[in-house]
Amino acid sequence: MLALPKTYLLSDDQRDGRACPWCAGPVTEDTGIDLGIRPGPLGTPIHPRGCQPCVHQEVVTVYERHQTDCYRCKPTRPCEARRTLSRLVEDLR
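The sequence shown begins at 121 in the working numbering and counts up by one.
Structure below.
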């Protein structure tokens with residue numbers, strides 16, 4: 121699960137999936153990437169969607185951080201999480 125900006129700082133459109141939580145650009149069910157239901161302010165669930173460029177950048181950032189922080193990853197044999205992140209990076213290009 122990709123980390124979002126602090127949910128209490130997001131606009132209603134960002135929390136409801138009508139705007140990207142990172143760049144605030146407009147997204148729709150067709151153009152946005154569903155980020156899953158998340159807990160929002162005061163426990164109210166939110167339904168964010170991100171734009172493709174922002175989601176790609178977040179996945180790349182998490183992938184790069186994972187490479188250095190994961191104790192299970194080996195240079196020749198990455199862990200399942202790293203393999204999944206790698207596939208996501210490729211899929212979002």
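Glycine included, each C-beta is placed from N, C-alpha and C at the ideal position.
Measure the C-alpha to C-alpha separation of Val179 and Leu162 and round it to an integer number of angstroms. 27 Å
Would the beta-carbon of Val179 be found less than 7 Å away from any heavy atom of the ligand FAD? As presented, the structure is devoid of all ligands, the ligand FAD included, so that no description of it is given.
For the alpha helix (DSSP H) holding Val180, just list the boundary residues, first then last. It spans Gln172 to Asp189 - the alpha helix (DSSP H) in which Val180 sits, taken as one unbroken run.
To the nearest angstrom, how far is it from the Cα of Pro173 to the Cα of Arg192? 29 Å
By the 10 Å Cβ neighbour count, where 16 or more other Cβ atoms means buried, how is Arg135 classified, buried or exposed? buried
So for Asp211, helix, strand or coil by DSSP? helix
CB contact flag (Leu205, His186, <8 Å): yes
Classify Arg135 as helix, strand or coil using the three-state DSSP reduction. Per DSSP, reduced to three states, the secondary structure at Arg135 is helical.
If you run the structure through DSSP and keep just helix, strand and coil, what is Arg216? Nothing can be reported for residue 216: it is not among the residues displayed for the chain, which extend from 121 to 213.
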